[in-house]
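This report refers to the structure that appears directly beneath it.
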Ligand code: SAM
Ligand code: DTB
Ligand code: SF4
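Written as structure tokens, this is what we have:
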């Protein structure tokens with residue numbers, strides 16, 4: 003079948019003058035989304051470090067000497083406590099990440115229990131657990147998991163320079179299983195791994211050319227972590243990064259684009275340009291999986307400056323009226 007996005011067409015788009023790209027991306031953005039609304043998720047690492055994979059960017063790989071404190075699978079109480087905090091913060095999706103190559107079948111019933119409890123709070127759920135089988139994907143979907151995050155990270159050609167313990171093909175196969183299960187796909191990548199512009203464009207083409215592209219596309223700016231092989235990578239040019247966001251919006255018009263890791267190093271102007279280029283989702287809360295995120299206080303300041311509203315903040319408020327364990331005053335303050 004003819005691909006929607008060829009390299010030639012994508013390169014032509016990338017070469018457009020900066021303001022033309024921004025205008026095109028913003029016009030498309032306004033066609034499908036409310037430009038004053040932002041989808042807000044929080045992230046929790048439910049199993050940290052000691053990962054057998056060798057992803058060169060990742061502090062959680064057991065192969066690199068980082069200062070990371072490892073943590074086995076968290077207990078249910080701790081996870082649900084973090085989910086409640088998420089609800090109070092006004093985020094509408096709770097994302098959980100595990101430093102696994104793949105989950106074991108015996109872990110699934112426990113994860114299903116957790117998903118069901120979080121769904122009862124009126125939150126959307128997302129998990130990123132590595133490669134999953136069709137059976138596992140179906141089980142997660144049955145228990146109510148809305149999204150599964152599984153990044154392709156970069157282009158097919160560059161992938162083996164970054165990870166040797168798995169293949170690009172295996173990532174794509176997992177994406178197919180997620181799709182088949184009925185869950186929504188969250189899949190994106192990282193800018194700043196040392197890839198060339200062509201790799202960035204091919205990475206976007208891979209996502210845009212899927213028979214049904216991911217509903218959510220996280221674009222991460224590499225967080226350079228001491229002890230990982232990429233700790234001294236060159237800084238990404240800000241305009242190149244913004245252009246990649248605008249291309250994502252143009253090539254995958256109806257998906258949410260998450261300005262994901264790396265916001266801590268971006269000033270407000272840069273983040274505003276990314277939103278202008280079509281990004282409409284962020285991780286909110288002081289921590290990503292293991293590294294710092296921009297603080298909630300700064301996020302709220304930025305939202306105020308830009309007149310951005312968190313998506314769905316009030317939709318599920320009745321949940322709290324029924325749940326006495328939550329400090330209602332705090333909740334109402336969060337709503338203001
Ligand atoms: N282990 C699972 C996997 O790799 O699929 C799930 C967790 S993994 C940490 C989730 C994603 O975080 C990776 O696919 C990668 O895109 C992103 N990530 C990890 N380290 C990062 C870093 N230093 N900077 C930016 N993104 C990073
Ligand atoms: C994604 O694309 N980015 C998130 C989430 N999916 C799981 C993870 C970012 C991790 C940044 C480094 C860290 O905090 O460990
Ligand atoms: Fe493990 Fe995921 Fe980190 Fe790779 S990105 S080392 S699979 S936790």
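In my numbering, the protein residues as written are 3 to 338.
Ideal Cβ positions, reconstructed from N, Cα and C, are used throughout, including at glycine.
Bear in mind that the values here come from a model prediction, so they are computed numbers and not experimental data.
- Task: Note down, in chain order, each residue of its chain lying with its Cβ closer than 8 angstroms to the Cβ of residue 211, except the 5 sequence neighbours on either side.
- Result: 5, 6, 7
- Message: If we require 4 or more residues per run, which alpha helix (DSSP H) segments fall completely within the region 228 to 274?
- Response: 240 to 253
- Item | Residues bridged to residue 44 [DSSP beta-bridge criterion] | 96
- Message: At a cut-off of 7 angstroms, would you count residue 100 as near the ligand SAM, judging by its Cβ distance to the nearest heavy atom?
- Response: yes
- Task: Go through its chain and collect everything with a Cβ distance to residue 180's Cβ below 7 angstroms, but skip five positions before and after it.
- Result: 139, 150, 152, 187
- Message: Among the candidates 195, 84, 250, 76, whose CA atom is the shortest distance from the CA of residue 233?
- Response: 195
- Query: Can you round the beta-carbon distance between residue 78 and residue 116 to whole angstroms, since I take them to be within the 8 angstroms contact cut?
  - Reply: 6 angstroms
- Message: If I measure Cβ to Cβ from residue 235 and keep anything under 8 angstroms in the same chain, skipping five residues before and after, which residues do I get?
- Response: 194, 195, 196, 224, 226
- Item | Start-end ranges of the beta strand (DSSP E) lying completely within the region 138 to 167, minimum 3 residues | 149 to 151
- Item | Delimiting residues of the alpha helix (DSSP H) encompassing residue 2 | The requested residue 2 is not part of the displayed model; the chain covers only 3 to 338.
- Task: With a threshold of 16 other CB atoms inside 10 Å of the CB of residue 64, please say whether the residue is buried or exposed.
- Result: exposed
- Item | Check: residue 55 C-beta below 7 angstroms from any heavy atom of the ligand SF4 | yes
- Please report how far the alpha carbon of residue 120 lies from the alpha carbon of residue 287, in whole angstroms. 18 angstroms
- Message: Assuming the contact rule is C-beta atoms closer than 8 angstroms, residue 96 and residue 127 should be a hit. Round their C-beta distance to whole Å, please.
- Response: 6 angstroms
- On the three-state DSSP scale, how would you describe residue 136? helix
- Item | Straight-line Cα distance separating residue 264 from residue 25 | 24 angstroms
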